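Worksheet: the structure to be examined is printed underneath.
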Amino acid sequence: MQFRVPRGTADILPGEVEKWRYLEDKARDLCRRYHFSEVRTPIFEHTELFQRGVGETTDIVEKEMYTFTDRAGRSLTLRPEGTAPAVRAFVENKVYAQSQPTKWFYIGPMFRYERPQTGRMRQFHQFGVEVFGARDPGLDAEIIALGRDYYEEIGLTGVTAEINSVGCPACRPVHREKLVAFLTPRREKLCRDCQARLDRNPLRVLDCKNESCREITAEAPKITEFLCDECGPHFEAVKETLDLLGVNYRINPRLVRGLDYYTQTSFEYVLEGLGAQAGTLGGGGRYNGLVEEIGGGDVPGIGFALGLDRILVALKDQGIQLPVGRRLDCYVVTLGEEARKRAIPLLAELRRAGCSAERDVLDRKMKGQMKAADRERSRYVVILGEEELSRDAAVVKEMATGRQEEVRLDRLVDYIRAGSKR
Ligand code: HAM
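Structure (C-alpha cells):
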C-alpha cells in the first residue's frame, strides 16, 4: 500500500521550508515595526464559533468546514480562518480590560474543504493581523498599507488593493432592499448559485465570477451610494489616508467578501494575471459587530489575512528567488580511525561555537567525502590526515577559492568561525 498526502495538502520539504521561514520571518519583522504582538490559538475550535462568527450562509460554513465529533460528542471544526478564533481569545481572556488598542498577528495553517487547484489548498497558510478597540479610519488605511508593505518587502510587484465599504447595520438594509428589487425581475437570468444567494445573502450575488451574472450586476445599485452619515465620511477618510500613504488602490463596488462579519471598510489584494482565484493574495476589513456577536462588548475590530501559499505561487510566477539557502560552514574529512576519533570532539566544538559542521558517516573514501562537501556547498573543508595530525594540525581548504593552508588544531575553531562570519 502506498500512502499519499490527503488531497489539497502538501509536504513542505527542505529546500522549500527555507522559503516559508523567510516569509514568516519577514512577517514577524514587519509586525514588530508596526508594533503588533503574536498570538497563537488552537487549530480547532467549537463549531459554533464559526457558525456565528463567519456566518451561517457563507460558503465557508455551508460547505467548506472540516467538522468532526470528538469522543465526548462535541462538535469541533478545524479553523477555516483566524479572525473568529482571535476574537474568541480576546473575549475569553478579557483582553478588552487591558489598555487598548490590542494589536495581534498570527501565522499558521487554516483548513477549508475546497476544490484544490493552483493556489487553492485544503490546508493553506495565512499571515493575519487583527486590531481591536479603535474606530479611527486612518487605522484602516494603515492596515491596508501594512499588507502593501509586506508584498513590497518580499519583492512582489503589481499588487493592487481593491477597496470598498460594505456599510453597517444601519445602511446595509437600505441597499439590500434596493438590490433585491433590482435583481428579482432578473432572477431567471442569474446562475443557479446566485438564485439561491438572492434569497439567503443577496450581497454575494455582486461578487459572482460568472460572466452573465456580472453583466446583470454591472448596473446594480452600489452600496457606496447608500452609506449612512457615519459610514460615508469613514470611507472618505480611509481613502484620504491611503493617498497620504501612497497606497496603490482601486475602488471596487462589487467587493463584498465571503465572510459575514464585515462592516464599513473591506479590501482585497489582487495580482493581475494569476487568475481570479490565485490572484486574490489576501483580504480583510473592519468588523465592528463581531466582538459583540461572540459574547464580548461593543469593541470594533479590523484586520486582514494574506495567503502564504498564493504568495509563493506568485513569487514563482514572477521569477523571484528568495535569498535563502542552507549553508554548511565546515565539512570535516577524516582519513583513518585516529582521524575519526579526533574529528568527533572537533565537530562538537565547532557546533558549540556556532558553526554548522558535518562529517562523513557513510564510511566513504577521501574522494567521496570531498564530493559530499562540494555537494553541500560547504565553505571550508577540514582534512584530518595522518601526517598533519602528528603535528596537531589539519589542512583547511576554502572551497570557493581553492586556497588551502595548514592550521593548528587549537586554532581551528576560531579560524573557521572568523571565516564563516565574513
Ligand atoms: P479570506 O478572504 O477568506 O479572509 O482569506 C484570506 C486569504 O487567504 C485569501 O485572500 C487567500 O489568499 C487565502 N486563502 C483563502 N482560502 C484559501 C485556500 N483554500 N487556499 C489557499 N489560500 C487561501 C479571511 O480569512 C479573513 N479571516 C481575513 C480577515 C482578517 N478579515 C479580518 N481580519
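For the sequence shown, the positions run 853 to 1274 when this note's numbering is used.
From the three backbone atoms N, C-alpha and C, an ideal C-beta is built for every residue, glycine too.
Source: prediction; values computed, not measured.
Cβ pair count under 8 Å reaching 3, the region 1084-1095 against the region 1010-1029:
yes
Would you say the beta carbon of Q978 comes nearer than 6 Å to a heavy atom of the ligand HAM?
Taking the first residue of the sequence shown as position 1, residue 978 is located at position 126. Yes, since a heavy atom of the ligand HAM falls inside the 6 Å radius drawn around the Cβ of Q978.
Could you check if T954 belongs to the surroundings of the ligand HAM, using beta carbon to heavy atom distance under 6 Å?
In the sequence shown, residue 954 corresponds to position 102, counting from 1. No, the Cβ of T954 stays beyond 6 Å of every heavy atom of the ligand HAM.
Among I1075, P1054, L1042, nearest to E1063 - alpha-carbon criterion:
Along the sequence shown, one-based indexing puts residue 1063 at 211. The option with the nearest alpha carbon to E1063 is L1042.
Cβ of G1131 within 6 Å of any heavy atom in the ligand HAM?
Looking up residue 1131 in the sequence shown gives position 279. For the ligand HAM, not one heavy atom lies less than 6 Å from the Cβ of G1131.
Measuring only from the beta carbon, is T1012 closer than 6 Å to any heavy atom that is part of the ligand HAM?
Within the sequence shown, residue 1012 is the residue found at index 160, counting from 1. No, Cβ of T1012 sits at least 6 Å from all heavy atoms of the ligand HAM.
With a CB to CB cut of under 7 Å and the five nearest residues on each side skipped, what residues in its chain are close to D922?
As a first step, residue 922 is located in the sequence shown; it is residue number 70 there, counting from the start. Same-chain partners within the cutoff: L928.
According to DSSP, is E1210 part of a helix, a strand, or is it coil?
Taking the sequence shown and counting its residues from 1, the one referred to as residue 1210 is at position 358. The answer is strand: DSSP assigns E1210 an E or B state.
Please name the residue or residues paired with L930 in a DSSP beta bridge.
Along the sequence shown, one-based indexing puts residue 930 at 78. Note: L930 sits in a beta bridge opposite F896.
Just to check, is the beta-carbon of F1119 closer than 6 Å to a non-hydrogen atom of the ligand HAM?
Taking the first residue of the sequence shown as position 1, residue 1119 is located at position 267. No, since every heavy atom of the ligand HAM falls outside the 6 Å radius drawn around the Cβ of F1119.
Among all the DSSP beta bridges, which residues are the ones paired with C1182?
If you number the sequence shown from 1, residue 1182 lands on position 330. Beta-bridge pairing links C1182 to A1209, Y1232.
Just to check my reading of the structure: E1258 and A1245 have Cβ atoms closer than 8 Å, yes? What is that Cβ distance to the nearest angstrom?
As a first step, residue 1258 must be located in the sequence shown, where it is residue number 406. As a first step, residue 1245 must be located in the sequence shown, where it is residue number 393. At roughly 5 Å, the Cβ-Cβ gap stays under 8 Å, so E1258 and A1245 are in contact.
CA-CA distance, V906 and A997?
Along the sequence shown, one-based indexing puts residue 906 at 54. Along the sequence shown, one-based indexing puts residue 997 at 145. Rounded to the nearest angstrom, the two C-alpha atoms are 25 Å apart.
State yes or no: is the C-beta of R940 nearer than 6 Å to some heavy atom of the ligand HAM?
On the sequence shown, position 88 is the one that residue 940 refers to. Answer for R940: no, Cβ out of range of the ligand HAM.
Is M973 near the ligand GTP, going by C-beta to nearest heavy atom under 6 Å?
The ligand GTP is not part of the structure shown, which contains the ligand HAM as its ligands.
Please confirm if the region 1146-1153 is in contact with the region 1033-1050, defined as three or more CB-CB distances below 8 Å between the two stretches.
no
Given the structure, does A1157 come close to the ligand HAM, in the sense that its CB is under 6 Å from one of the ligand's heavy atoms?
As a first step, residue 1157 must be located in the sequence shown, where it is residue number 305. Checking every heavy atom of the ligand HAM against the Cβ of A1157, one is found closer than 6 Å.
Check whether the Cβ of R1162 sits closer than 6 Å to any heavy atom of the ligand HAM, and report yes or no.
Position 310 of the sequence shown holds residue 1162. R1162: yes, Cβ under 6 Å from the ligand HAM.
At a cut-off of 6 Å, would you count T909 as near the ligand HAM, judging by its Cβ distance to the nearest heavy atom?
Here residue 909 corresponds to residue number 57 of the sequence shown, with the count starting at 1. No, the ligand HAM has no heavy atom inside 6 Å of this Cβ.
Go to S1118, then tell me how far its beta strand (DSSP E) extends in each direction, as first and last residue.
In the sequence shown, counting from the first residue as 1, residue 1118 sits at position 266. Element bounds for S1118: 1115-1123.
Please name the residue, chosen from P989, K871, F855, that lies closest to L1167 on a Cα-to-Cα basis.
Counting from 1 along the sequence shown, the entry for residue 1167 is found at position 315. Answer by Cα proximity: K871.
For a quick check, are the C-beta atoms of K946 and F888 less than 7 Å apart?
As a working note, residue 946 is residue 94 in the sequence shown. As a working note, residue 888 is residue 36 in the sequence shown. No.
Note the first and the last residue of the continuous alpha helix (DSSP H) segment covering Q1047.
By 1-based counting over the sequence shown, the position of residue 1047 is 195. It spans 1044-1052 - the alpha helix (DSSP H) in which Q1047 sits, taken as one unbroken run.
To the nearest angstrom, how far is it from the Cα of G860 to the Cα of Q978?
What you label residue 860 is simply residue 8 of the sequence shown in a count that begins at 1. What you label residue 978 is simply residue 126 of the sequence shown in a count that begins at 1. Rounded to whole angstroms, G860 to Q978 spans 15 Å at the Cα level.
To the nearest angstrom, how far is the alpha carbon of N813 from that of G867?
Look at the range of the chain in this structure, 853 to 1274, and you will see that residue 813 is not part of it.
Let me check understanding here. Comparing Cα to Cα, which of F1078, K1061, R974, A1205 lies closest to Y965?
Residue mapping note: residue 965 aligns to position 113 of the sequence shown, counting from 1. It is R974 whose Cα lies nearest to the Cα of Y965.
Using CA atoms only, rank isn't needed, just tell me which of A1195, E1092, E1005, F984 is closest to A941.
Position 89 of the sequence shown, counting from 1, holds the residue named residue 941. Nearest C-alpha to A941: F984.
Check whether E897 and R926 have beta carbons under 7 Å apart:
Residue 897 sits at position 45 when you count from the first residue of the sequence shown. Residue 926 sits at position 74 when you count from the first residue of the sequence shown. No, these two residues do not count as a Cβ contact at 7 Å.
Based on Cα-Cα distance, which residue from G1159, A1224, R1269, V1233 lies nearest to G1254?
Against the sequence shown, residue 1254 aligns to sequence position 402. Minimum Cα distance to G1254 is reached at V1233.
Can you give me the C-alpha to C-alpha distance between D877 and G980, rounded to a whole angstrom?
For the purposes of this step, residue 877 is taken as residue 25 along the sequence shown, with counting starting at 1. For the purposes of this step, residue 980 is taken as residue 128 along the sequence shown, with counting starting at 1. If you take the alpha carbons of D877 and G980, they lie about 14 Å apart.
CA-CA distance, E1004 and L1160?
In the sequence shown, residue 1004 corresponds to position 152, counting from 1. In the sequence shown, residue 1160 corresponds to position 308, counting from 1. If I take the Cα positions, the gap works out to 14 Å.
Under 6 Å Cβ to Cβ from C1023, same chain only, skipping five residues before and after it: list those, please.
Position 171 of the sequence shown, counted from the start, is the residue given in the question as residue 1023. Here the set comprises F1078, L1079, C1080, C1083.
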